[in-house]
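Novice: Protein chains in written order, with the UniProt record's numbering: chain B, 1 to 209; chain W, 1 to 209.
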DNA sequence: GATAAGATACCTCCCGGTCGGTATATAGAG
DNA sequence: CTCTATATACCGACCGGGAGGTATCTTATC
């Protein structure tokens with residue numbers, strides 16, 4: 001995969017401009033996850049990608065711009081998938097299960113993105129911060145709408161506010177990135193199923209069944 | 001208070017060393033929460049406390065040392081309270097409710113500590129990181145033990161692993177600091193009660209009762 | 001030649017940390 | 001009580017280094 005190893009000034013035959021950008025993003029993804037945004041210098045990113053600052057500033061406006069693009073590509077992806085679920089004709093409760101799975105799947109499949117989004121968001125400022133926050137809120141709102149619909153339909157108890165349910169579920173899912181090990185024995189689908197069961201059916205053993 | 005190597009130190013009565021130190025900690029608490037550890041310079045902390053770098057380095061070994069002390073004072077406090085709950089003679093399920101409340105109460109009452117612990121932990125290194133991680137794990141373990149006891153006693157269903165239940169609950173509670181507004185209408189006790197109900201009794205409305 | 005893609009040298013800024021000095025309070029000697 | 005020695009508490013000028021960012025030049029493609 002890594003074809004470009006030229007530290008000298010030579011252009012390979014089919015050189016790929018988009019590939020260079022990707023390489024920078026991928027290096028940043030790794031380094032930001034490992035060491036955090038502030039503790040990762042431009043120099044490190046550029047060396048990791050076997051490039052130079054010149055290349056970097058040809059593709060990005062600033063270090064913050066890179067951070068924003070990383071977060072944006074994840075949010076856009078999650079937003080798209082979440083919309084697909086909410087716009088489906090599945091029952092509200094099934095949509096909730098699907099959203100839980102989507103969220104956890106994101107954690108499992110895109111760890112660096114999630115880590116960076118959760119931990120480095122505050123390094124964004126101004127418009128970029130607003131943009132990312134807005135998109136995050138949109139995803140949250142999709143959860144909230146679905147949950148509210150489930151409550152209104154009488155499928156979920158109405159003595160707990162939908163807002164609180166939403167935050168509870170989001171928290172459970174978001175927290176997974178703190179402990180879930182993709183290489184462990186537990187598959188993310190199992191986590192999703194058990195979390196869903198826990199929230200929807202409850203934990204208490206009583207005499208009703 | 002941790003003093004490992006000391007050479008017969010005694011505090012003169014007339015001075016107020018603890019006050020100065022507190023002022024530095026309090027300034028750091030505010031600034032770290034607002035701007036993050038890396039984006040807060042020593043100069044800012046010291047200016048905010050109306051002191052100088054000289055004073056700072058008289059009380060702390062380094063910037064990281066200050067960060068560690070802040071996290072430590074929170075963890076010690078939570079650990080103490082959590083132990084008290086687990087060592088009580090309340091029923092396991094009631095202990096779980098109490099632990100959930102403790103965790104959420106921490107978020108509400110010590111926002112800056114929680115924010116700094118959750119977001120800036122990675123800025124610690126070596127022994128200090130290990131120490132904080134160990135104490136965090138101890139708190140988590142108290143949750144886990146209690147939950148396991150509840151499952152073993154037959155109070156909670158046994159088809160969801162205690163470990164997963166623990167992480168679910170911890171996530172819900174930890175996430176609260178992302179959205180909970182202490183000045184809002186909702187009291188933290190209500191959040192705790194509703195989260196407990198959600199997890200323990202479940203959300204689904206069925207015909208069995 | 002125009003333009004894109006990238007390399008290299010360089011700039012300014014400010015960060016964490018140091019270090020010598022000073023002021024204050026207490027303890028002990030006389 | 002005063003005088004002095006000493007430890008604490010704090011000040012603030014200073015430093016090396018590395019940070020993000022820029023200017024300018026070179027090379028490849030059309």
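Where a beta carbon is used, it is the ideal one built from N, C-alpha and C, also for glycine.
Of all Cβ atoms in chain B, is any one closer than 8 Å to the Cβ of residue 174/W?
Specialist: yes
Novice: Sorted by chain position, which residues of the same chain lie with C-beta nearer than 7 Å to residue 62/W's C-beta, five sequence neighbours on each side aside?
Specialist: none
Novice: In the DSSP assignment, the alpha helix (DSSP H) including residue 77/B goes from what residue to what residue?
Specialist: 63-86
Novice: Measure the C-alpha to C-alpha separation of residue 120/W and residue 165/W and round it to an integer number of angstroms.
Specialist: If I take the Cα positions, the gap works out to 26 Å.
Novice: Let me know the secondary structure DSSP gives residue 204/B once reduced to three states.
Specialist: strand
Novice: Cβ atoms of residue 200/B and residue 93/B: under 8 Å apart, would you say?
Specialist: yes
Novice: Less than 8 Å between the beta carbons of residue 150/W and residue 156/W, yes or no?
Specialist: yes
Novice: Our contact map puts residue 146/W next to residue 96/W with C-beta atoms below 8 Å; I'd like the distance itself, whole angstroms only.
Specialist: 6 Å
Novice: Report the CB separation of residue 75/W from residue 56/W in whole angstroms; it is logged as a contact under 8 Å.
Specialist: Contact flag wrong, Cβ pair sits at about 23 Å.
Novice: Could you check the C-alpha separation between residue 40/W and residue 170/B for me, to the nearest Å?
Specialist: 30 Å
Novice: Assign residue 49/B to one of two classes, buried (16 or more other C-beta atoms within 10 Å of its C-beta) or exposed (fewer than that).
Specialist: buried
Novice: Do you know whose CA, among 152/W, 67/W, 102/W, lies nearest residue 84/W's CA?
Specialist: 102/W
Novice: Who are the Cβ neighbours of residue 30/W in its own chain at under 8 Å, not counting the five residues just before and after it?
Specialist: The residues are 48, 112.
Novice: Taking beta-carbon pairs under 7 Å, can you tell me which members of the region 124-151 of chain W lie near chain B?
Specialist: none
Novice: Just to confirm before moving on: does the CB-CB distance between residue 100/B and residue 192/B stay below 8 Å?
Specialist: Yes. Within cutoff.
Novice: From 190/B, 86/B, 79/B, pick the residue whose C-alpha is nearest to that of residue 134/B; which is it?
Specialist: Considering only alpha carbons, the answer is 79/B.
Novice: Determine, for residue 107/B, whether the minimum Cβ-Cβ distance to residues of chain W falls below 8 Å.
Specialist: no
Novice: I'd like the list of long-range same chain contacts for residue 28/W, defined as Cβ closer than 6 Å, with 5 residues on each side in sequence excluded.
Specialist: 45, 66
Novice: What are the residues in the UniProt domain "HTH tetR-type" (18-78) of chain B lying within 9 Å of chain W by C-beta distance?
Specialist: 35, 36, 37, 38, 39
Novice: Note the first and the last residue of the continuous alpha helix (DSSP H) segment covering residue 56/B.
Specialist: 53-59
Novice: Residue 192/B touches chain W at which residues, Cβ-Cβ below 7 Å?
Specialist: Correct list: empty, because the minimum Cβ distance to chain W is about 11 Å.
Novice: In whole angstroms, what separates the C-alpha of residue 209/W from that of residue 160/B?
Specialist: For residue 209/W, the pLDDT reaches just 47, beneath the cut-off of 50, and the residue's location in the model is therefore unreliable, although a value from the coordinates is still provided. Residue 209/W and residue 160/B: Cα-Cα distance of roughly 18 Å.
Novice: Measuring straight from C-alpha to C-alpha, what distance separates residue 59/B and residue 105/B?
Specialist: Between the alpha carbons of residue 59/B and residue 105/B lies a gap of roughly 30 Å.
Novice: Please name the residue in 37/B, 140/B, 114/B whose C-alpha comes closest to that of residue 86/B.
Specialist: 140/B
Novice: Is it buried or exposed for residue 202/W, if we count other Cβ within 10 angstroms and need 16 for buried?
Specialist: buried
Novice: Please report whether the beta-carbon of residue 116/B lies at a distance below 8 Å from any beta-carbon of chain W.
Specialist: no
Novice: Checking contacts by CB at 8 Å: is residue 188/W closer than that to chain B?
Specialist: no
Novice: Please decide whether residue 207/W counts as near chain B, where near means a Cβ-Cβ distance under 8 Å.
Specialist: Because the pLDDT of residue 207/W is 41, which lies under 50, any placement of that residue in the model is unreliable, and the question is left without a value.
Novice: Give the residues of chain W in contact with residue 202/B, contact being defined as C-beta atoms less than 9 Å apart.
Specialist: Neighbours of residue 202/B on chain W, chain order: 157, 197, 198, 199, 200, 201, 202, 203, 204.
Novice: What runs of the beta strand (DSSP E), each 3 residues or longer, lie entirely inside the region 106-187 of chain B?
Specialist: Entirely contained in the region 106-187 of chain B, not one beta strand (DSSP E) run reaches 3 residues.
Novice: Say whether chain B places a C-beta atom closer than 8 Å to the C-beta of residue 100/W.
Specialist: So no, residue 100/W is outside the interface.
Novice: Whose C-beta lies closer than 6 Å to the C-beta of residue 128/W among residues of the same chain, with five residues either side of it excluded?
Specialist: Residues 68 of the same chain have their beta carbon placed closer than 6 Å to that of residue 128/W, with the five preceding and five following residues left out of the count.
Novice: Please compile the residues from chain B whose C-beta is within a distance smaller than 7 Å of the C-beta of residue 119/W.
Specialist: 119
Novice: With DSSP run on the structure shown, which of helix, strand or coil describes residue 38/W?
Specialist: In this structure, residue 38/W counts as coil in the three-state DSSP scheme.
Novice: On the three-state DSSP scale, how would you describe residue 94/B?
Specialist: helix
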